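A.B. asks: Protein chains in written order, with this note's numbering: chain A, 145 to 226; chain B, 3 to 636. Using N, Cα and C, we set each Cβ at its ideal position, and we do this for glycine too. Just so you know, these numbers come straight off a predicted model, no measurement behind them. Below you'll find the structure I mean.
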Amino acid sequence: MDTKLGIKTRLNRVFREVFDDDSIEIFDEMTAKDIPEWDSLMHIILVVAVEKEFIVRLNAAQVGQLKNVGEMLDLLEKHNNR
Amino acid sequence: MLNDMDASLKREALKDIKQKIKAGKWRESFDSLAELSSPDDDFVLQTKYASLFKDMAEHLPELKKIRVAVLGSSTVTHFNDVLKFWLAREGFAASIYEAEYSTIHQTIIDPHSQLYEFKPDVVFVFTHYRDIKCELPAGSGPAVVEQTIAAAVNECVSLWKALRQKSNCHIIQSNADLPYHRVFGNYETTPVWGPTHILRQFNLNLAKALEPGVSLLDLDFLASVYGRRKWHDSRFWYHSKHAFALDATGLVAHQLAKTIGAIKGTAKKCLVLDLDNTLWGGVIADDGLEGIILGHGPAGEAFVDFQRYVLKLKERGIILAVCSKNEEDIAKEVFLKHPDMVLKLEDIVVFKANWKDKAGNIRDIAESLNIGLDSIVFVDDNPAERELVKTVLPMVNVVRMPEDPSDYIEALCSGSHFETVLFSDEDTIRSTYYRSNIERAGFQSQFSDIADYLRSLDMEMIVGEFDEFHLPRIAQLINKSNQFHLTTTRYTESEISAIRQDKLRTGLYFKLKDRFGDNGLISAVILQQQPDASMVIDTWVMSCRVLSRGVEEFICSEIISLAHRQKCRKVIGKYIPTAKNKLVVDLYGRLHFHRTQETQGTTLWELSLKDDSPCYSSFIKKINAGIKTTGGLK
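Shown next, in the form of structure tokens:
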């Protein structure tokens, strides 16, 4: 089982890959406003990449609601602990 | 092998490509990206390919411009980016027009919509099963079912008609991807009113309703290839109106790009086959006729089936050639004597079994068939040979063959090299044309005088104006030919069909026969009459099978006599150079035209009809389409 820190590290890697920017450091309050490229189209790529990395399947509502990194981490941690 | 790499390794490899892009090595980075990418790669990778391609797109001048409009009932923004990449792999630099989400009808009906301003070459009408309004109460009668399906098909047909009235584009229509959920379960396909039954019938009727200039994209097949249960990822329909699973984006974009390629003439013509461990197991020179694996046992059966598949390709018009490191006699003996050989020697148009390098042999094959290297697909089990051919002849399409012969058909098939949007009678007998050409070459060597030889061929030419019957072949010739094509104009079937109604334009086709057989429809010419009493040769395309037989001279004298009949004072020819049509750079010069202009390689030529027209010598008897007459030539 992954620790919260482990999940965060992996999620950070996904962000860097998706947004093609190795300087990204995610933080709980981070939202789309903090990354200029994070629009609704990129959001879909991000969600698909997260699903792949963590082998989870988010439901349609969750796909739309993951507004900030903290929520994303909580959700992934919940999946992880199941 | 690169394509067996998993996604994370591919993502690593993309970093190298990014470095190459930074260094300005555009072509090299595009080639690496092409080598790395597969239609099966997941959505995240496809979007990476698309964004890397965006960085290099404008630095790849060899890509041909094409304008594609995508009218979707679902969200297609990501799809379009990925499509651009797969079109580039087909040799196109695409501009894509994306209609507002779910405005297909309005966009097509409104004559002022941006679609028509965009002037698309190809329009993809991308609907899916939710758009087909065919739901009926359980137990509905056959008449109602039939009417409902007909109405749904008609809706598509009338949109095509509206589109075609305002644009000369080629239309690609997707069919219905059958849903995964079924109210009646397995029974749904049985009664005529069953939703599954209805959608299947809709797809069949849609195919029957196609007209020239409209092609189908079999979305339902792609759904089944991808796996229907995964294909319908409704989460992304509810969330953002994506019609199919995002991970299938590459698969759909690849198929659409291949179909567009087929419309625009990039499909391949010739399959070059290795022998040992490709058509049979083992090495004939070592194992002998009884020792090779063919016909019996699992591998033996797989080789037989692979040969059957190859034979079917030949029957649909793909030319077969052999390129093998072998003694010719020993290699041919298998074709002549092995009871389980499906392919016969007469199926192979060029047979190269020798010890020279394969790249050189393939170059010879292309030359003797008069086709471009880029229309060749090469199949060889040996990775070293494949690598050599890829390196020396990068334009040849080299199939990545798997180790197990059971997977050979799939490997050849999945590259979609031989896509087409039409099939003409010419295709079934194409191999015969090429074979008689090689016989002709043997016959020619008996003559010392070329005139004697040409006379002895007893050539007859049927000349006719474009008609519905010959339309598919004419379209094929205009869109697939590269070498003998003065202006490399590409016209869709609907555009060609329109010429027949145009008083100022004339389309002529030419069909040649000789003592060795029918050569089929070998040339087409489109002439445009100008207000200043000149006749412009807008398009002149000819099959290279009939070069050096006085055919050019014959056709030119036909053009001249037509110009005379239309009271024109001069004939104007144009040559627009491409990488492939150097063959005809001086055609008009040879036909006694005078060069009047040259700009960036494009030359204009003029032949005045006031003086006596030039006298060409030709040994071809003219037959008017329908009526048999003699003479025809001065």
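On the criterion of 16 or more Cβ atoms from any shown chain inside 10 Å, does B:Gln478 qualify as buried, or is it exposed?
C.D. replies: buried
A.B. asks: Per DSSP, what kind of secondary structure is B:Asp307 in: helix, strand or coil?
C.D. replies: helix
A.B. asks: Along the alpha helix (DSSP H) that carries B:Thr251, what are the first and last residues, could you check?
C.D. replies: Thr251 to Lys266
A.B. asks: Just how far apart, CA to CA, sit B:Phe646 and B:Asp42?
C.D. replies: Summary: the structure shown does not reach residue 646 of chain B, with chain B confined to residues 3 through 636, and so no result is reported for it.
A.B. asks: In terms of DSSP beta bridges, what is A:Val192 paired with?
C.D. replies: Answer by DSSP bridge pairing: none, since A:Val192 is not bridged.
A.B. asks: In three-state terms, what does DSSP make of B:Met7?
C.D. replies: Coil at B:Met7, not helix or strand.
A.B. asks: Please classify B:His183: is it buried, with 16 or more other beta-carbons within 10 angstroms of its beta-carbon, or exposed?
C.D. replies: Burial state of B:His183 is exposed, judged by a 10 Å Cβ sphere holding fewer than 16 other Cβ atoms.
A.B. asks: What do you get for B:Pro197, buried or exposed, if any count of 16 or more other CB atoms within 10 angstroms of its CB means buried?
C.D. replies: Buried is the call here.
A.B. asks: Excluding five sequence neighbours on each side, which residues of the same chain lie with their C-beta closer than 8 Å to the C-beta of B:Lys50?
C.D. replies: Arg13 and Leu16
A.B. asks: Could you tell me whether the Cβ atoms of B:Ala304 and B:Ile367 are closer together than 8 Å?
C.D. replies: Against a cut-off of 8 Å, the Cβ pair of B:Ile367 and B:Ala304 comes out as no contact.
A.B. asks: With three or more C-beta pairs closer than 8 Å as the rule, is the region 525-543 of chain B touching the region 429-442 of chain B?
C.D. replies: no
A.B. asks: Check the DSSP bridge columns for B:Ala95 and list the partner residues they point to.
C.D. replies: B:Lys67
A.B. asks: I'd like the list of long-range same chain contacts for B:Gln446, defined as Cβ closer than 7 Å, with 5 residues on each side in sequence excluded.
C.D. replies: Tyr455, listed in sequence order.
A.B. asks: Is the beta carbon of B:Thr280 closer than 8 Å to that of B:Val381?
C.D. replies: yes
A.B. asks: Measure the beta-carbon distance from B:Thr77 to B:Ser242 and round it to whole angstroms, keeping in mind my assumption that it falls under 8 Å.
C.D. replies: 6 Å
A.B. asks: Rounded to the nearest angstrom, how far is the Cβ of B:Glu92 from that of B:Thr268, given a contact under 8 Å?
C.D. replies: 6 Å
A.B. asks: Terminal residues of the continuous beta strand (DSSP E) containing B:Ala526?
C.D. replies: Boundaries of the beta strand (DSSP E) around B:Ala526: Gly519 to Gln531.
A.B. asks: Comparing the C-beta of A:Lys196 with each C-beta of chain B, is any distance below 8 Å?
C.D. replies: Output row for A:Lys196: interface = yes.
A.B. asks: Name the DSSP bridge partner or partners of B:Ile173?
C.D. replies: B:Val125 and B:Val216
A.B. asks: When the Cα atoms are used, what is the spatial distance from B:Asp249 to A:Glu169?
C.D. replies: 27 Å
A.B. asks: Taking B:Asp222 and B:Ala255 to be in contact with their CB atoms under 8 Å, please state how far apart those CB atoms are, rounded to whole angstroms.
C.D. replies: At roughly 17 Å, the Cβ-Cβ gap does not stay under 8 Å, so B:Asp222 and B:Ala255 are not in contact.
A.B. asks: What residues are listed by DSSP as bridge partners for A:Ser184?
C.D. replies: A:Ser184 is not bridged to any residue.
A.B. asks: Indicate whether at least one CB of chain A lies closer than 8 Å to the CB of B:Asp44.
C.D. replies: yes
A.B. asks: Please give me, in chain order, every unbroken run of the alpha helix (DSSP H) with length at least 4 that falls completely inside the region 576-619 of chain B.
C.D. replies: For the region 576-619 of chain B, whole alpha helix (DSSP H) runs of length 4 or above, ordered along the chain, are 589-592.
A.B. asks: In terms of residue numbering, what span does the alpha helix (DSSP H) encompassing B:Asp427 cover?
C.D. replies: Its alpha helix (DSSP H) spans residues Asp427 to Thr430.
A.B. asks: What are the residues of the region 240-259 of chain B that lie near chain A, defined by any Cβ-Cβ distance shorter than 9 Å?
C.D. replies: Tyr240, His241, Ser242, His244, Leu248 and Asp249
A.B. asks: Closest to B:Thr598 by CA distance: which of B:Tyr99, B:Cys617, B:Leu585 and B:Val573 is it?
C.D. replies: B:Val573
A.B. asks: Would you call the region 150-166 of chain A in contact with the region 211-220 of chain B, where contact means no fewer than 3 C-beta pairs closer than 8 Å?
C.D. replies: Short answer: they don't touch.
A.B. asks: Just to check my reading of the structure: B:Ile151 and B:Gln203 have Cβ atoms closer than 8 Å, yes? What is that Cβ distance to the nearest angstrom?
C.D. replies: 5 Å
A.B. asks: Residues of the region 65-86 of chain B with a CB closer than 7 Å to any CB of chain A: list them in chain order, please.
C.D. replies: Thr79 and His80
A.B. asks: Compute the distance between the beta-carbons of B:Asn521 and B:Val538, then report whether it is under 8 Å.
C.D. replies: no
A.B. asks: B:Phe45 and A:Val192 - do their beta-carbons sit closer together than 8 Å?
C.D. replies: yes
A.B. asks: Kindly confirm or deny that the region 115-126 of chain B and the region 60-75 of chain B touch, where touching means at least three C-beta pairs closer than 8 Å.
C.D. replies: Contact between the region 115-126 of chain B and the region 60-75 of chain B is present, because at least three Cβ pairs lie under 8 Å.
A.B. asks: Excluding sequence positions up to five away, which residues of its chain have a Cβ less than 8 Å from the Cβ of B:Pro341?
C.D. replies: Gly297
A.B. asks: Buried or exposed: which applies to A:Lys177, given that a residue is buried once 16 or more other Cβ atoms fall within 10 Å of its Cβ?
C.D. replies: Exposed is the label assigned to A:Lys177, since fewer than 16 other Cβ atoms lie within 10 Å of its Cβ.
A.B. asks: In chain B, what lies closer than 7 Å to A:Leu185 by C-beta?
C.D. replies: Thr79 and His80
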